[in-house]
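Asks: Here it is, the structure, as structure tokens.
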Amino acid sequence: MIEAPYPEFEELLTSIGEAGQRLSEIEACEGAAGNISVYIGWNIEPRRRFPLVETIQLPQAVPELANRTFLVTGSGCRLREIIRDPLANLACLVIDEDGLTGHLYTSPRRLFTNLTSEFNSHLAIHYDQVMTTGANFQVVIHAQPLYLTHLSHISRYQDTLYLNQHILRWQPELIVHLSDGVGYLPFCVPGSQKLMEQTLQGLRKHRIVVWGKHGVMARSDLSVKRTSDRIEYAETGAKYEYLNLVNHELGEGLSAEEIRSVCEGFKISQSIF
Ligand SMILES: [Zn+2]
Numbered sequence: 002m003i004e005a006p007y008p009e010f011e012e013l014l015t016s017i018g019e020a021g022q023r024l025s026e027i028e029a030c031e032g033a034a035g036n037i038s039v040y041i042g043w044n045i046e047p048r049r050r051f052p053l054v055e056t057i058q059l060p061q062a063v064p065e066l067a068n069r070t071f072l073v074t075g076s077g078c079r080l081r082e083i084i085r086d087p088l089a090n091l092a093c094l095v096i097d098e099d100g101l102t103g104h105l106y107t108s109p110r111r112l113f114t115n116l117t118s119e120f121n122s123h124l125a126i127h128y129d130q131v132m133t134t135g136a137n138f139q140v141v142i143h144a145q146p147l148y149l150t151h152l153s154h155i156s157r158y159q160d161t162l163y164l165n166q167h168i169l170r171w172q173p174e175l176i177v178h179l180s181d182g183v184g185y186l187p188f189c190v191p192g193s194q195k196l197m198e199q200t201l202q203g204l205r206k207h208r209i210v211v212w213g214k215h216g217v218m219a220r221s222d223l224s225v226k227r228t229s230d231r232i233e234y235a236e237t238g239a240k241y242e243y244l245n246l247v248n249h250e251l252g253e254g255l256s257a258e259e260i261r262s263v264c265e266g267f268k269i270s271q272s273i274f
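With the numbering used here as the guide, the letters of the sequence shown map in order to residues 2 to 274.
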């Protein structure tokens, strides 16, 4: 939830660009991997920046979101390039009254034909969160961070509790930033209905989930940067874990007792340690 005064359109475009740049720096969006969407629950006028308009069919009916706006990355766009030219890489979608279609506003400079192929998951998550929490703002990011994705290929990390107890033990702040942990979801075909349903469930409980053998999906109702930070924290924990595996597991990590004492100090309630 965001309090007024709400961020300006330009600030939102810049923050999406900065998140894309940071995700690229941490090797989480090679080539055209990764996608970002932002739900805006207040009125925004897209036409000065995005003058082209067409009607598109939505992947699911969202009548309660009539007249609400989304900023979404285009299919095949590179997250690292958004900062240089947000209008070329993003579209602005305003949901129609019936909730079945939307007006898609784009720039003449646009580098894509369709929205990201993961838009079905993005829209389902936004809809679910807005309906259950009443959020007036929400960010959803998919990225493919190297170490976290690598761990998801190793069978013992394909378990939410095991994964969290191992990646969150390397820095005292990790449990503070990721107190409800990283959810693990088994592999599903990208863009599929099953992936969308699993992700929806996972993101009710966690603010970030790992898609087994693929990448992550993260959400925040506060800011674009909080969302990319969340991916970076989880990825940092996974990087430490990987370093420890190749270092013959010489690192101790913080003990469960040490992590519980951090939680006491920071008044964090968690069920991982
Ligand atoms: Zn992907």
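Here a beta-carbon is modelled for each residue, glycine too, at the ideal position from N, C-alpha and C.
All of these numbers come straight from a predicted model, not from anything done at the bench.
Tell me, which residues are paired with Cys78 by DSSP?
Replies: On the sequence shown, position 77 is the one that residue 78 refers to. Its beta-bridge partners do not exist; DSSP assigns none.
Asks: If you compare alpha carbons, which of Asn121, Gln166, His143, Leu186 is closest to Gln58?
Replies: Taking the first residue of the sequence shown as 1, we reach residue 58 at position 57. Per the Cα distances, Asn121.
Asks: Please look up how many angstroms separate the CB atoms of Arg69 and Ile37, rounded, as I've assumed it's under 8 Å.
Replies: Taking the sequence shown and counting its residues from 1, one reaches residue 69 at position 68. Taking the sequence shown and counting its residues from 1, one reaches residue 37 at position 36. The pair is not a contact, with the Cβ atoms about 17 Å apart (cut-off 8 Å).
Asks: So, is Gln61 buried or exposed, given that buried needs 16 or more other C-beta atoms within 10 angstroms?
Replies: For the purposes of this step, residue 61 is identified with residue 60 of the sequence shown, where counting begins at 1. When all chains shown are included, Gln61 counts as exposed.
Asks: Residues with a Cβ closer than 6 Å to any heavy atom of ligand 1, in chain order?
Replies: Counting every residue whose Cβ lies closer than 6 Å to a heavy atom of ligand 1, we get Ala34, His143, Gln145, Pro191, His215, Gly216.
Asks: Assuming Leu164 and Leu152 are in contact, meaning their beta carbons sit under 8 Å apart, how far apart are those beta carbons, in whole angstroms?
Replies: Within the sequence shown, numbered from 1, the residue matching residue 164 stands at position 163. Within the sequence shown, numbered from 1, the residue matching residue 152 stands at position 151. The pair is a contact, with the Cβ atoms about 7 Å apart (cut-off 8 Å).
Asks: On the DSSP bridge assignment, give the partners of Phe138 in chain order.
Replies: Translated into positions along the sequence shown, residue 138 becomes position 137. Ile41, per the DSSP bridge assignment.
Asks: Would Ile168 and Ala235 be called neighbours here (beta carbons separated by less than 8 Å)?
Replies: In the sequence shown, the residue the question calls residue 168 occupies position 167. In the sequence shown, the residue the question calls residue 235 occupies position 234. Their beta carbons are under 8 Å apart, which means Ile168 touches Ala235 by this criterion.
Asks: By a C-beta neighbour count over all protein chains shown, 10 Å radius and 16 as the cutoff for buried, is Asn90 buried or exposed?
Replies: Here residue 90 refers to the residue found at position 89 when the sequence shown is read from its first residue. Classification of Asn90: buried, given that the 10 Å Cβ count is 16 or more.
Asks: Only counting the same chain, and skipping five residues up and downstream in sequence, which positions put a Cβ closer than 7 Å to that of Asp86?
Replies: Sequence index remark: in the sequence shown, residue 86 carries index 85 (1-based). So the qualifying residues of the chain are Arg110.
Asks: With which residues is Met218 paired in a DSSP beta bridge?
Replies: Within the sequence shown, residue 218 is the residue found at index 217, counting from 1. Paired residues: His143, Val210.
Asks: Could you say if the stretch 225-234 and the stretch 172-181 meet the contact criterion of at least three C-beta pairs nearer than 8 Å?
Replies: Output reads yes: the stretch 172-181 touches the stretch 225-234.
Asks: Can you have a look at His127 and say buried or exposed, based on whether 16 or more other CB atoms are within 10 angstroms of its CB?
Replies: Here residue 127 corresponds to residue number 126 of the sequence shown, with the count starting at 1. By the neighbour-count rule (16 or more Cβ atoms within 10 Å), His127 is buried.
Asks: Contact defined as beta carbons within less than 8 Å: I believe Val54 pairs with Leu101. What is the distance between those atoms, to the nearest angstrom?
Replies: On the sequence shown, position 53 is the one that residue 54 refers to. On the sequence shown, position 100 is the one that residue 101 refers to. The pair is not a contact, with the Cβ atoms about 17 Å apart (cut-off 8 Å).
Asks: Do Cys93 and Phe51 have their CB atoms nearer than 8 Å?
Replies: Counting from one through the sequence shown, the residue named residue 93 turns up at place 92. Counting from one through the sequence shown, the residue named residue 51 turns up at place 50. Yes. Within cutoff.
Asks: Is it true that the CB of Ala5 sits closer than 8 Å to the CB of Ala144?
Replies: For the purposes of this step, residue 144 is taken as the residue at position 143 of the sequence shown. For the purposes of this step, residue 5 is taken as the residue at position 4 of the sequence shown. No, Cβ-Cβ distance for Ala144 and Ala5 is not below 8 Å.
Asks: Can you grab the Cα-Cα spacing for the pair Met195 / Cys189, in whole Å?
Replies: Taking the sequence shown and counting its residues from 1, one reaches residue 195 at position 194. Taking the sequence shown and counting its residues from 1, one reaches residue 189 at position 188. First, the amino acid is wrong: residue 195 is Lys here, not Met. Roughly 7 Å separates the two Cα atoms.
Asks: What number of angstroms, rounded off, separates the C-alpha of Asn248 from the C-alpha of Glu259?
Replies: In the sequence shown, the residue the question calls residue 248 occupies position 247. In the sequence shown, the residue the question calls residue 259 occupies position 258. Computed Cα separation, rounded: 22 Å.
Asks: Between which residues of its own chain and His207 is the CB-CB distance below 7 Å, once the five residues before and five after are set aside?
Replies: For the purposes of this step, residue 207 is taken as residue 206 along the sequence shown, with counting starting at 1. Cβ within range, chain order: Asp181, Gly182, Val183, Gly184.
Asks: Tell me which residue opens and which closes the beta strand (DSSP E) that Val190 is part of.
Replies: Numbered from its first residue, the sequence shown carries residue 190 at position 189. Premise fails: Val190 is in no beta strand (DSSP E) and is neither H nor E.
Asks: The alpha helix (DSSP H) spanning Cys264 covers which residue range?
Replies: Stepping through the sequence shown from its first residue, residue 264 is reached at position 263. Its alpha helix (DSSP H) spans residues 257-267.
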